[in-house]
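Residue numbers (numbering that gives the first Met the number 0), protein chains in the order written: chain L, 0 to 337; chain W, 0 to 337; chain F, 0 to 337; chain A, 0 to 337. First comes the structure, then the notes that go with it.
4 protein chains.
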Amino acid sequence: MLRVGVNGYGTIGKRVADAIRAQPDMVVCGVAKRSPDYVAVGAAEESYPVYAVDGERTEEFRSIGIDLAGTVDELVDESDVMVDATPSGVGADNRSLYERHDTPALFQGGEDATVAEVSFNARVNYEEATGADYARVVSCNTTGLSRFVAPIEENYGIEKARATLIRRGGDPDQTGRGPINDAVPDPVSIPSHHGPDVQTIFPDLDIDTIGLKVPTTMMHVHAVNVTLEEAPDDVSEIRDRLRAEDRLVLIPEYAGIDGAGTLKDFALDAGRPRGDIWENCIWEESLTLEGSDLYCMQAIHQESDVVPENVDALRALSGHLSGPESRSLTNETLGIGL
Amino acid sequence: MLRVGVNGYGTIGKRVADAIRAQPDMVVCGVAKRSPDYVAVGAAEESYPVYAVDGERTEEFRSIGIDLAGTVDELVDESDVMVDATPSGVGADNRSLYERHDTPALFQGGEDATVAEVSFNARVNYEEATGADYARVVSCNTTGLSRFVAPIEENYGIEKARATLIRRGGDPDQTGRGPINDAVPDPVSIPSHHGPDVQTIFPDLDIDTIGLKVPTTMMHVHAVNVTLEEAPDDVSEIRDRLRAEDRLVLIPEYAGIDGAGTLKDFALDAGRPRGDIWENCIWEESLTLEGSDLYCMQAIHQESDVVPENVDALRALSGHLSGPESRSLTNETLGIGL
Amino acid sequence: MLRVGVNGYGTIGKRVADAIRAQPDMVVCGVAKRSPDYVAVGAAEESYPVYAVDGERTEEFRSIGIDLAGTVDELVDESDVMVDATPSGVGADNRSLYERHDTPALFQGGEDATVAEVSFNARVNYEEATGADYARVVSCNTTGLSRFVAPIEENYGIEKARATLIRRGGDPDQTGRGPINDAVPDPVSIPSHHGPDVQTIFPDLDIDTIGLKVPTTMMHVHAVNVTLEEAPDDVSEIRDRLRAEDRLVLIPEYAGIDGAGTLKDFALDAGRPRGDIWENCIWEESLTLEGSDLYCMQAIHQESDVVPENVDALRALSGHLSGPESRSLTNETLGIGL
Amino acid sequence: MLRVGVNGYGTIGKRVADAIRAQPDMVVCGVAKRSPDYVAVGAAEESYPVYAVDGERTEEFRSIGIDLAGTVDELVDESDVMVDATPSGVGADNRSLYERHDTPALFQGGEDATVAEVSFNARVNYEEATGADYARVVSCNTTGLSRFVAPIEENYGIEKARATLIRRGGDPDQTGRGPINDAVPDPVSIPSHHGPDVQTIFPDLDIDTIGLKVPTTMMHVHAVNVTLEEAPDDVSEIRDRLRAEDRLVLIPEYAGIDGAGTLKDFALDAGRPRGDIWENCIWEESLTLEGSDLYCMQAIHQESDVVPENVDALRALSGHLSGPESRSLTNETLGIGL
Ligand SMILES: NC(=O)c1ccc[n+]([C@@H]2O[C@H](COP(=O)([O-])OP(=O)(O)OC[C@H]3O[C@@H](n4cnc5c(N)ncnc54)[C@H](O)[C@@H]3O)[C@@H](O)[C@H]2O)c1
Ligand SMILES: NC(=O)c1ccc[n+]([C@@H]2O[C@H](COP(=O)([O-])OP(=O)(O)OC[C@H]3O[C@@H](n4cnc5c(N)ncnc54)[C@H](O)[C@@H]3O)[C@@H](O)[C@H]2O)c1
Ligand SMILES: NC(=O)c1ccc[n+]([C@@H]2O[C@H](COP(=O)([O-])OP(=O)(O)OC[C@H]3O[C@@H](n4cnc5c(N)ncnc54)[C@H](O)[C@@H]3O)[C@@H](O)[C@H]2O)c1
Ligand SMILES: NC(=O)c1ccc[n+]([C@@H]2O[C@H](COP(=O)([O-])OP(=O)(O)OC[C@H]3O[C@@H](n4cnc5c(N)ncnc54)[C@H](O)[C@@H]3O)[C@@H](O)[C@H]2O)c1
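Written out as structure tokens, the structure reads:
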């Protein structure tokens, strides 16, 4: 039984904790929380032992009915492995904490690739992380691109990939983030950092990405183009291959799903926890082959697509299951596949 | 066992169906659906018998794996009572259908008050609907206002109520609705129709409302003012009374809940189905008494606050439980109270 | 000829500079700019002498073709009076700079009332600022409320005023500001700071305000209620009085103007510089009298309604014209009155 | 002197009328307006003779102070050429009206290409429209793409062009249009209709486009990729060529212009009528060459980029100036070139 501590219990941290709890071979040792707010209350109600990031706020936690299990230092000490889900940049600062306790750790995609010896995607390079001490689960966008690229690359070869990422401005709970009424090149320079990030997973892939942010909160949308080395005669062959992938979903035309609003409505109807959509959602109608150019649009749920990847990465670090075994266990326990 | 048919399986209809299913004294006889889309698939996956609104589309339904149980006419015939949750205006057209089969029916707030002999709010006038053949559950905004007004009116008397309704432009799945980047007086004239609608519940209440719509999809926000006839010495007394109400929730300051985004995040964390928030959410900090003027801001989840009201209205029509009995049974089965 | 320097050449500063230039009795001595960006280039193209806030960036300005006229210190020295239009809080820091040079100055509404001995609205208290060394032009929202309140207070007496301010989240150029998809109580507590700010203009007014921010950039919208001491028989009398006010505009129903988008479109069609709307825009249809309760909705162009007030305040400080004289000169030169 | 009538005086019509008025060789004969609203008042204030689309509304126009000059039939009769700027689809219906009076006419991009014998872009195919009776000025997006493609195609050859169009959901005055909080594939199928539309201008161009709409109102943003046949050694050569184009503007990095909000702010500062931006705005920093792949992002002001094209198309139809002569006259009179 792998004992996992979660440091940073926000959008990603709380989802990863719940996903770990659903596994037969792992247990949540505790979660480290900074502020005594509604999310902290939620952690306590889920019966996760809550550890303080800031020891001086113990009394504040107690005043809202939360008895702390200790400090983050103690959590790191008691855990076999840590998942760091703190805000971008904080993870890198935390690495010395994990080193001090000799506790392996996972970092998230907000950190630079240099934070860990390996950047991770379960579908592509599980083996590289096997037995590593530190790994970084790549960002929501990079995860989404990698999953799409993998079967295409394997079956047809990729001469060149290009993607325009229409990114949500902020998560639903981030009222301080914009833009309002603007589609902002972000970054203005091309290729955006997403391309090189995908190359941490596919070192030889020729890919250029363009990033913008828009006034939406629910999902990113990717407009993807891949020039194939050897295109099949018909797009239906590609469609079938994509459909066979475990973490890709094709949205059929009849469904009447036109955007993130209907996608989330669908996921909530289906009883998904928090309406999470762990899979890339590809509009089937958009999947098109023009000569050797393959196109599609896919929606990526930024809050949750990396969650199963974190679970798999934990198993890669601990080394007790192979990639395919871990993936299928994760899929089954979470209910992946719409 | 009350056999209930649901006609119109959209935002409201699917939620009401699930709420009925959770009751010990009711059963969903079937749901009538017009289009064979993702929502229809969802109905079938919930094992609700699906009836066609339009008999000519049977084949389309079959092609996506849905075997229809019949047509809407048959559903009305087999049901003890119908819940009509079709779009505004369609309900009124449907009344003759229900009359033809001598089946009592509930309508929703998108219909004019004249659609039924009584407009309904469980907290305020359950008894008036007892044994009626037709009743209308008032709209999300009117329900939200009525719940707030009720305890205030009873305990302090209301000289005058005024509310500014900052309404969401559309539901999350309605991509065709605006506004984008505008706060639009809607209607421009004052009082808006919401005031008279509240008076269908409180005939003697002096209330003026102002309506606007803004580019949001998650919840309405009400800025409410009530001039009391007899104000208490301290607002804390009022706060305690509101806290004691079953379908009002006070958001504490420490929670860090600043808007609909965090409220829904909270509801999703708490495992609420579809992240629904059946209760009015009042910001505790906003509850203020200035002389005899009481103020507050409350968020109203338009997609779900009328759901428990529909359940109670069904019992009122069938007459087998009293108002308090019904309300507490509904609250318990749904898990109302955050 | 009053020589005016403008410190802080952003949204407000550049508009005030242009308005000053349009006056026969004032001249823009220069503008102080911090960053060498498109706004700086614009200042140079308007032939305003540009002074550096930060002397070390001289070379950067030169590299984009702007020869600086000096530093802000020199500008303050050469000016008879300064308009400070720096961001909230910076103005207060700047006061010592103006004192050091013995130069009177105007501050903006982002500063606390304590920054100057008098808070100013041209319609209400021009005389109080006459001959003052420092005055603060109140904020866009407070200006908008004061203009509406003034004729009502004078003619009917106000028992109580209440306003809900549906505020734009950010100006059109502020892509970093939210919210996206949320209507956020801001502040959560009631009354919001706007009420007390209106009382710096009307010390005896009983007013409570509620503030929210929404995902719009163009204008604020106020939902206003005033309980009159002596209501007229008919709202038309009030309508006529409001129509007679120089900085209020009534939007007629036939115009088809439903929000800020059409209002700005109208102003741009009319050739207004920058599409500015210096006047409160009151929807005529919304103006309603229910007993002694007067209601209306008005849109306030946050970027420009304080501009004529700044011009008038400059004359009040210098003392060479009376309030009515200044107001009518400002109105005529800017083209106020739609 | 070419006598031009404008049928449909909305977003495009009013701008085209003003642009015609600024020409030395054309005059606005009159404008045909359907509703007596603020835009009609604006037309009258510009002293354009106003003709009624619907003769029965004469009295309504008179009641707001507009004396009609006649009906649209009379306008067509009196004009040498018509500009049809009615909503999509209405133009095609109007063609018979123009034929009946033997009056040549221009249509807009909302019509199908079949509405006229030639689709027009001033930079690319002015000559094709010379002397034609009917021509269609292509849409805002197609105009924007064509202008960018032209110099690239001429100098380097284009193997393949690909563009993702992040389209504004509605114009600022269209409060009824969405989406709110969603990035909606529109159309879902790839290539979107924009590609074939560009091919009405460049019949041999291999281009695929992807379209989405987002909750913004100010400008479209294009993420463009062009695979060159013969790439230069350095992107700076391309940059210089683009800079030399009359209707392309490069946004320099120092300007601090990050989106449509700042672009419009800049245009308004510069005194542009209605803040219009007739030119494609290309972020200079985004212009990148990766092997033979050229990339950039450009913002397109949907309300105005087709305006100079309409002016040029009028001259092409009447045949009295060559393309380069017309373009430079249009540029000079409007003040094109930022
Ligand atoms: N939200 C997304 O869309 C998304 C998607 C994929 C990856 N990521 C990455 O995941 C990481 C976490 O992002 P998130 O969206 O969950 O952020 P978040 O802000 O929702 O959560 C971070 C949590 O960490 C806490 N925290 C802050 N400082 C801390 C510290 N020193 N020690 C412990 N906890 C601390 C915060 O209070 C918060 O609860 C980032 O690297 C981010 O880039 C985010
Ligand atoms: N969504 C809200 O915010 C909200 C809140 C409270 C009350 N209401 C009211 O509830 C009612 C339903 O609204 P909704 O939001 O659920 O609408 P919806 O559009 O989400 O759902 C209506 C459903 O009825 C179906 N339908 C259309 N015509 C039909 C017909 N002739 N017969 C049967 N079904 C038909 C539609 O296909 C759709 O599935 C309206 O009166 C509305 O005003 C809505
Ligand atoms: N924008 C509005 O809606 C609005 C409306 C009414 C009043 N106000 C008030 O007007 C003031 C200015 O606001 P704004 O919207 O014009 O802000 P802004 O950010 O648009 O402009 C401020 C300018 O001051 C410059 N600046 C920053 N620090 C400076 C310094 N130390 N010295 C000189 N210049 C400096 C900035 O670079 C910028 O150009 C604030 O008090 C604000 O609250 C703003
Ligand atoms: N707005 C844009 O972004 C944009 C950009 C490029 C091209 N276009 C195209 O330009 C055309 C006009 O679009 P718009 O945005 O100006 O529309 P609009 O709605 O702003 O203006 C159209 C005007 O035509 C009037 N009208 C309606 N029916 C009429 C009739 N039968 N006869 C005469 N007038 C009538 C309307 O009342 C309105 O004033 C469309 O083909 C559109 O696709 C629009």
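Even glycine gets a Cβ: it sits at the ideal position worked out from N, Cα and C. Since we're looking at a predicted model, the values are computed, not measured.
Interface with chain W (9 Å Cβ-Cβ cutoff): residue 335 of chain L is excluded.
Closer than 8 Å to some heavy atom of ligand 1: that does not describe the Cβ of residue 181 of chain F. Counting only runs that start and end inside the region 215-286 of chain W, the beta strand (DSSP E) elements of at least 3 residues fall at 219-227, 247-250 and 279-282.
Neighbours of residue 34 of chain A across chain F, judged by C-beta separation under 8 Å: 255. Here the alpha carbons of residue 30 of chain W and residue 16 of chain W stand approximately 8 Å from one another.
In the structure shown, the three-state DSSP call for residue 22 of chain F is coil. No heavy atom of ligand 4 is found nearer than 8 Å to the CB of residue 325 of chain A. Our two residues, residue 12 of chain W and residue 84 of chain W, have alpha carbons roughly 5 Å apart in a direct line.
Residue 86 of chain F has its Cβ nearer than 8 Å to a heavy atom of ligand 3. At a threshold of 8 Å, residue 274 of chain A does not count as near ligand 1, since its beta carbon sits no closer than that to any of the ligand's heavy atoms. Not flagged as an interface residue toward chain W: residue 2 of chain F, since no C-beta distance is shorter than 9 Å. Set against 8 Å, the gap from the CB of residue 106 of chain A to the closest heavy atom of ligand 4 is smaller. Boundaries of the alpha helix (DSSP H) harbouring residue 194 of chain W: 193-198, taken from the DSSP string.
If the five residues before and after residue 189 of chain F are omitted, its C-beta is found closer than 6 Å to the C-beta atoms of 209, all from its own chain and listed in chain order.
Per the C-alpha coordinates, the member of A/55, A/238 and A/124 positioned closest to residue 315 of chain A is A/124.
Among the residues of the region 170-188 of chain F, those with a Cβ less than 8 Å away from any Cβ of chain L are 171, 173, 174, 175, 176, 177, 178, 179, 180, 181 and 183, in the order of the chain. Neighbours of residue 168 of chain F in chain L, taken as residues at a C-beta separation under 8 Å, are given in chain order as 177 and 179.
Under DSSP, the beta-bridge partners assigned to residue 295 of chain W are W/223. Under the Cβ distance rule, residue 86 of chain W does not count among the residues neighbouring chain A, no pair being separated by less than 9 Å.
In the DSSP assignment, residue 29 of chain A forms a beta bridge with A/4. Listed along chain A, no residue sits closer than 8 Å to residue 251 of chain L by beta-carbon distance, the nearest being about 11 Å off. No Cβ-Cβ contact shorter than 9 Å links residue 135 of chain L with residue 121 of chain L.
Here residue 157 of chain W is bridged, per DSSP, to W/227. Flagged as an interface residue toward chain L: residue 216 of chain F, by a C-beta distance shorter than 9 Å.
The beta carbon of residue 234 of chain F lies closer than 8 Å to those of 286, 287, 288 and 293 in the same chain, with the five residues before and after it left out.
Membership of residue 50 of chain L in the beta strand (DSSP E) is indicated by the continuous run 49-51. Residue 95 of chain W counts as exposed, since fewer than 16 other beta carbons sit within 10 angstroms of its beta carbon. Between ligand 3 and the CB of residue 28 of chain F, the shortest heavy atom gap is not smaller than 8 Å. No Cβ-Cβ contact shorter than 9 Å links residue 177 of chain F with residue 290 of chain L. It is roughly 46 Å from the alpha-carbon of residue 259 of chain F to the alpha-carbon of residue 325 of chain W. Taken through DSSP and simplified to helix, strand or coil, residue 289 of chain A comes out as strand. Of the candidates W/22, W/19, W/32 and W/28, the residue whose Cα lies closest to the Cα of residue 9 of chain W is W/32. Residue 138 of chain W: not part of any alpha helix (DSSP H); DSSP gives it neither H nor E. Below the 7 Å Cβ cutoff, chain W contributes 171 as neighbours of residue 263 of chain L, in chain order. Listed along the chain, the chain A residues whose CB falls inside 8 Å of the CB of residue 274 of chain F are 267, 273 and 274. Using beta-carbon distances, residue 47 of chain F does not count as an interface residue toward chain A, since no partner is under 9 Å.
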